[in-house]
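Working notes, beginning with the structure itself.
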Amino acid sequence: MPAGAPTTSVSQPAGAEGRARVWKPLRSAEATATSYLINDWNLHLENYHPSYVLDENPATAWVEGTNDSGENEAITLPLSAVRVARAIRLRIWNGYQKSKHVWTENAMPRGVRVTVLDDDENEVVSAERELTRTMGPQEVVVDLPPRRGLAAVRLTTLSVYPGQRFKDTCISDILVDVDSDVPYNPAAENAKHEALLKWAAGQKAEGSYFASRPPELPFAFSRYVSKRSSADREAFKQRLAAREAIEKTVGPARFRPVIKQSVKVLPDGLANQSLHADDFAQLFSTERVALHETKDQVVSHIRTEDTLGQIWTSSVRVARGADQKSLKVLAFDLRDVTTERTTWSDDRKLLLVYGAEGRLETLYRSRSGFAESEGGEDYDSVTDTDEIWSFAYDAAGKVREIDIDSLARHHNMYGKKAGPEREDSKVKHVVYRGLADKSG
Amino acid sequence: MRALASLLAFLAPSLAAAAAPGDAILCGDCHGAAFESWRTSAHALAATNPIYQAGFRVEPRRFCVDCHTSAGARAEEGIGCASCHAAPTSTTPPATGHPVALRPRAELRDPALCRDCHEFATPAFEGGAMRTTDLPMQRTYSEWLAYRAGGGEGTCQSCHLPGGDHRMRGAHDVELLRRSLAVTVATDGAGERLTLASVGVGHGFPTGDLFRHLTVEVRSLDDAREQAWRVVDRMGRLFDTRLDGATMRAYKVETADTALVPGVPRVVRLPASDGALAWRVRYHYGSERDERRGFVSAEALFATLASGTVAAAPPAARQGCYRAPDWLAFSCARSRRRRAEASPGSRARAALYSRTASR
């Protein structure tokens, strides 16, 4: 199994012009598929994600997710756009090649259609091939029409070799090489492969983490699924008005929070960037937090890879209960700064309200930053969002459900749409419910 | 009229039909030669070239659009005729035969005309608003002023528009870049060294976009373990982000500028090697991050300006700027500043780099 940095190889037979092929590897950081199998037998729901065909590890595989044998299911690998190429080569590890036993139990593609796509996802060329039922790699070479390039390749299953036990059709690995004179950028290809390996390592670590969950972990489930609807705007605004009163109870003294039990991994479904759940994941329970008084405005700084992003967290201010000891409210700010040619920030103000048992009950969060859409008329579109998060706990005191209501206001700094703020007409209501798993 | 008709036939019908009042295509009717030259210029590709497109994909800011398109023209035309030739205010009546008032010729010949787009500050976006910082994002005009203060000759127009040549050849003309860089190889007791100097350049090299840089790279021709190119020196600007703890205001800072300065050669020691070494000098149009992202093809991101080989050199103490590029880039900036201060008639240059390093 090849591994490490991309290397160029020369292969026979000769190409159409009688010259030897010079194959240069094209990597992908992520693959997509029409479906993939989801189960939770080991507390990890993406065991058969299509990106596993890219990790150069035959012990992992893409497994299609239909109820039948997976005919007409397709996997697509986005590649660096190559302006002109003579041919591509796929090296396919057909079936689930984790072991001979697993390989024979599962199905694998037999007839396949290889479709080369351009930057606009238009078909450049398509060819049907028959794969063999053999372990190890097998090659498929597809010539491109003259002066045509590629930006992705899609493999569609037309027929299958059935498995002895399961109907699931699997592919362990697909490596793509291109024969082209276009200058090759090994740094970009390496970066994509490293990103893929980082993702795979993260998946593995996350599965292991939740499989050995300590009792202190505040979440009841390893995965949360969301359901979206809308909510009443006036009711939201009345609830939001409470935030102002709560803020007034917060004292001026500043503290550095020290966490007794760190949450290193968030559950699937909560661990995405727009939720920013890791901003407060350490603070679910007052029992987890010790406060050290400080005069510092900023108490934490995280520098992400290559200084592209930096996150500064302010010290916290608090409100105590009537006993002057119990922690009722905790407030702090974050500035998440990205530096490219310019610098821009996603600013977040957080107000955490704790219940009688010291559990986080309500979170008020205000966000301000550029809208996530890119280009077109949306440039310089700023979005300010007020959110109210409500947490529900199970009998063991772990988070069972999270309800988030949010209302956004938008304004454009420049251009035709510049002008006064526009408030969303509806409150977005999202419920995150834990998905029961075997140990849940 | 025949020129316009043939031009329209050449261009896609939809493009011609969609011509806006400020479009360069309308000027081409009477100024065919200048128009044809301009069509091959980097100005014409300002909004459509892949490096700008990739940058805009990461940072879709109106701020960028202002200098990469012409007001009143289709965006895909880039910087068209009107950007430079139209008078900035409409108080002057249109010139004879022209739809708009034109700038006087004297203004067109003034380097200050180029300053608006080739010298500007870095913006920062926070709290839903844009603020301008003290850090120049591009400063080619200041570099040119320093060059002139040091006795340099020529203007933006005399070098980039010689005889009214609207191709405006610059950093995207690789042959021009190659002619603008002199590289000499020499050996002394400490080993092989390259000396790099810009030739006939009235500003930094590289200049313009803040991420452009040069690298000096080597690879072994004999040792199978050292086949990959490795960077031994980097010439360009480096940045970081800092935070004011009291206000939580973030600001970008320049930590080094090691671009070649006119008249100041740079010596790069090659690493000691038991075998022969290949070396090359590459011009990078984007940042290292751009290269890793892969949004832009390699052929648009790099250009090799010079290359060669050197025979095996005796082991020597490692010195120069190849061991830790970031740290050494800064130390090289300091040494270059010392050199600039020491050379007669270069007070302006020294002031420029003092300002940079103090940020």
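From first to last, the protein sequence lines stand for chains X and U. Residues 1448 to 1887 in this note's numbering are what the first sequence spells out, letter by letter. Residues -16 to 342 in this note's numbering are what the second sequence spells out, letter by letter. Beta carbons are placed, not taken as given, at the ideal position from N, Cα and C, and that holds for glycine.
- Going by DSSP, Ile1749 of chain X is part of the beta strand (DSSP E) stretching over 1745 to 1750.
- With its beta carbon less than 8 Å from one in chain X, Ala281 of chain U belongs to the interface.
- For Thr105 of chain U, the residues of chain X that pass the 8 Å Cβ criterion are Arg1788, Thr1789, Thr1790, in the order they occur in the chain.
- In the three-state scheme derived from DSSP, where H, G and I count as helix and E and B as strand, Asn32 of chain U is classed as coil.
- Put simply, the region 5 to 15 of chain U does not touch the region 127 to 134 of chain U. Fewer than three CB pairs are less than 8 Å apart.
- Under DSSP, Asp216 of chain U forms a beta bridge with U:Val199.
- In the same chain as Pro1497 of chain X, and ignoring 5 residues on each side of it, the C-beta atoms closer than 7 Å to its own belong to Ala1478, Thr1479, Ala1480, Tyr1483, Trp1509, Ile1522, in chain order.
- Taking a beta-carbon distance threshold of 8 Å, Arg1533 of chain X does not count as an interface residue toward chain U.
- With a beta-carbon spacing of about 5 Å, Ala69 of chain U and Val83 of chain U fall inside the 8 Å limit used to define contacts.
- One Cα belongs to Met1555 of chain X, the other to Val1563 of chain X, and the distance between them is close to 21 Å.
- Pairwise C-beta distances place the region 156 to 172 of chain U in contact with the region 283 to 291 of chain U, as three or more of them are shorter than 8 Å.
- Val1629, Pro1630, Tyr1631, Asn1632, Ala1634, Ala1635, Ala1638, Lys1639: these are the residues of the region 1629 to 1651 of chain X whose beta carbon lies less than 7 Å from some beta carbon of chain U, given in chain order.
- When X:His1858, X:Tyr1495, X:Lys1875, X:Phe1727 are compared, the shortest CA-CA separation from Lys1545 of chain X is found for X:Tyr1495.
- With a contact defined as Cβ atoms closer than 8 Å, Ser1773 of chain X and Arg1767 of chain X qualify at about 6 Å.
- In the displayed model, Ala1532 of chain X falls within coil according to three-state DSSP, outside both helix and strand.
- According to the DSSP secondary-structure assignment, Trp21 of chain U is paired through a beta bridge with no residue.
- Interface annotation for the region 184 to 196 of chain U against chain X: Asp192, Leu193, Phe194, criterion Cβ-Cβ distance under 9 Å.
- Under the Cβ distance rule, Val1625 of chain X does not count among the residues neighbouring chain U, no pair being separated by less than 8 Å.
- Taking a 10 Å sphere around the C-beta of Lys1684 of chain X, we find fewer than 16 other C-beta atoms and assign the residue as exposed.
- Setting aside the 5 residues that flank it on each side, Thr292 of chain U is surrounded in the same chain by Leu204, Ala259, Leu260, Ala261, Trp262, each with a C-beta closer than 8 Å to its C-beta; the list follows chain order.
- Contiguous alpha helix (DSSP H) elements confined to the region 118 to 180 of chain U occur at 123 to 132, 139 to 143, 157 to 162, taking only those with 4 or more residues.
- Using beta-carbon distances, Phe18 of chain U does not count as an interface residue toward chain X, since no partner is under 8 Å.
- Here Lys1742 of chain X has Arg1701 as same chain residues with Cβ atoms under 7 Å from its own Cβ, once five neighbours each way along the sequence are excluded.
- A straight-line Cα-Cα distance of about 35 Å links Ala1599 of chain X and Lys1875 of chain X.
- From the listed residues X:Ala1642, X:Lys1645, X:Ser1669, the smallest Cα separation to Ser1655 of chain X is found for X:Ser1669.
- Between Ser1815 of chain X and chain U, the shortest Cβ-Cβ separation is below 8 Å.
- Gln1708 of chain X carries a coil assignment under DSSP once its states are collapsed to helix, strand and coil.
- Going by DSSP, Cys10 of chain U is part of the alpha helix (DSSP H) stretching over 7 to 10.
- Per DSSP, Gly63 of chain U has no beta-bridge partner at all.
- At a cut-off of 8 Å, the C-beta of Leu1622 of chain X has no neighbouring C-beta in chain U.
- If you check the CB distance, Thr167 of chain U and Glu126 of chain U do not come in under 8 Å.
- When U:Pro245, U:Leu177, U:Asp93, U:Ala54 are compared, the shortest CA-CA separation from Thr138 of chain U is found for U:Asp93.
- Its chain contains Ile34, His267, Tyr268, Gly269, Asp273, Glu274 as the residues whose beta carbon lies nearer than 8 Å to that of Leu284 of chain U, once the 5 sequence neighbours on both sides are disregarded; these appear in chain order.
- Under the three-state reduction of DSSP output, Asn1637 of chain X falls in the helix class.
- At least one CB atom of chain X sits nearer than 8 Å to the CB of Met120 of chain U.
- With contacts defined as CB atoms closer than 8 Å, Trp1836 of chain X and Leu1798 of chain X fail to qualify as a contacting pair.
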